[in-house]
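Encoded as structure tokens, the structure appears first; notes follow it.
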Amino acid sequence: MGLREGQDFTIHPDRPDRQLPLDELSGLNVILLCGPARNAIFDKVAAILPMRYSMTVGNDGRNVLMDRRREQRMLSSRQAGDSAMGPAHDWGLVASLPSPFNLGKRLVVLAGVHGTGTVGAAEFVADLSNLRTLIGKREGETVSEVVRVDYDAADIETPTRIGLV
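Structural data, given as structure tokens:
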């Protein structure tokens, strides 16, 4: 893509003290990986992001994915306890919107209910034809879509099929 780390982007790992000041992000395009249960910055901003699909931390400390339009929680097969009924699956959130830190910058979210969903979201956007599809689904300046990530229950790390919901 021709982007240069240090000039066009900087990697800020989730710091152990989990106290990265949000004002440090105002001049940056930001990519958030993992759900809010594992990403402190996503956790801080999740509630204010104007997206169809939202992800927050539930009372049990785990990620909760909601379809705001349908007012429906999207459960992975592990959460629903139905992995014996077809392939195991997780959900991945793929979002791109103006950054709440600076509307002139972008915020991109690639997050799963579990790690498999995060991997699936990242693999989905790595395919140029999928990016074109996402652009076609843009509402205003925002893309907020979910992918279903199927996997073999014996290997939760490797998606076997990824498809837009």
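Quick note: the sequence shown uses our numbering, first residue 4, plus one each step. Glycine included, each C-beta is placed from N, C-alpha and C at the ideal position.
Can you give the Cα-Cα distance for residue i and residue j, rounded to whole angstroms?
{"i": "Leu167", "j": "Val128", "result": "11 Å"}
{"i": "Val67", "j": "Gly118", "result": "13 Å"}
{"i": "Met77", "j": "Met69", "result": "6 Å"}
{"i": "Ile138", "j": "Val122", "result": "20 Å"}
{"i": "Gln3", "j": "Val112", "result": "Here the chain comprises residues numbered 4 to 168, so residue 3 is not present and cannot be evaluated."}
{"i": "Asp155", "j": "Glu144", "result": "36 Å"}
State buried or exposed for residue i, treating a residue as buried only when at least 16 other CB atoms are found within 10 Å of its CB.
{"i": "Met4", "result": "Reliability fails at Met4, whose pLDDT of 41 lies under 50, so the model's placement of it is uncertain and the value that follows must be treated cautiously. Exposed is the call here."}
{"i": "Asn62", "result": "exposed"}
{"i": "Ala114", "result": "buried"}
{"i": "Pro24", "result": "exposed"}
{"i": "Ala91", "result": "buried"}
{"i": "Ile51", "result": "exposed"}
{"i": "Ser80", "result": "buried"}
Whose C-beta lies closer than 8 Å to the C-beta of residue i among residues of the same chain, with five residues either side of it excluded?
{"i": "Leu134", "result": "Val128"}
{"i": "Ile165", "result": "Gly95, Gly123, Glu126, Phe127, Val150, Arg151, Val152, Asp153"}
Excluding five sequence neighbours on each side, which residues of the same chain lie with their C-beta closer than 6 Å to the C-beta of residue i?
{"i": "Met54", "result": "Ala98, Ser147"}
Beta-carbon within less than 7 Å of residue i's beta-carbon, same chain only, minus the 5 sequence neighbours each way: which residues are those?
{"i": "Val48", "result": "Pro103"}
{"i": "Asp20", "result": "Because the pLDDT of Asp20 is 48, which lies under 50, any placement of that residue in the model is unreliable, and the number read from its coordinates should be weighed accordingly. Answer for Asp20: no residue qualifies."}
{"i": "Lys140", "result": "Val146, Glu148"}
In this structure, how does DSSP classify residue i when only helix, strand and coil are distinguished?
{"i": "Ser80", "result": "helix"}
{"i": "Glu142", "result": "strand"}
{"i": "Gly123", "result": "helix"}
{"i": "Gly38", "result": "coil"}
{"i": "Glu148", "result": "strand"}
{"i": "Glu160", "result": "strand"}
{"i": "Gly30", "result": "coil"}
{"i": "Arg109", "result": "strand"}
Judging by CA-CA distance, which residue of the options is the nearest neighbour of residue i?
{"i": "Arg72", "options": "Ser57, Gly84, Asn32, Leu31", "result": "Ser57"}
{"i": "Glu30", "options": "Ala156, Asp46, Leu106", "result": "In the sequence as displayed, the identity of residue 30 is Gly instead of Glu. Of the candidates Ala156, Asp46, Leu106, the one whose C-alpha sits nearest the C-alpha of Gly30 is Leu106."}
{"i": "Gly95", "options": "Ala40, Val149, Asp158", "result": "Val149"}
{"i": "Glu142", "options": "Asp130, Arg151, Arg164, Leu100", "result": "Leu100"}
{"i": "Arg109", "options": "Asp26, Glu27, Val33", "result": "Val33"}
{"i": "Asp26", "options": "Ala40, Leu35, Ile44", "result": "Ile44"}
Check whether the Cβ of residue i lies closer than 7 Å to any Cβ atom in chain D.
{"i": "Pro162", "result": "Of the protein chains in this structure there is only one, and it is not chain D."}
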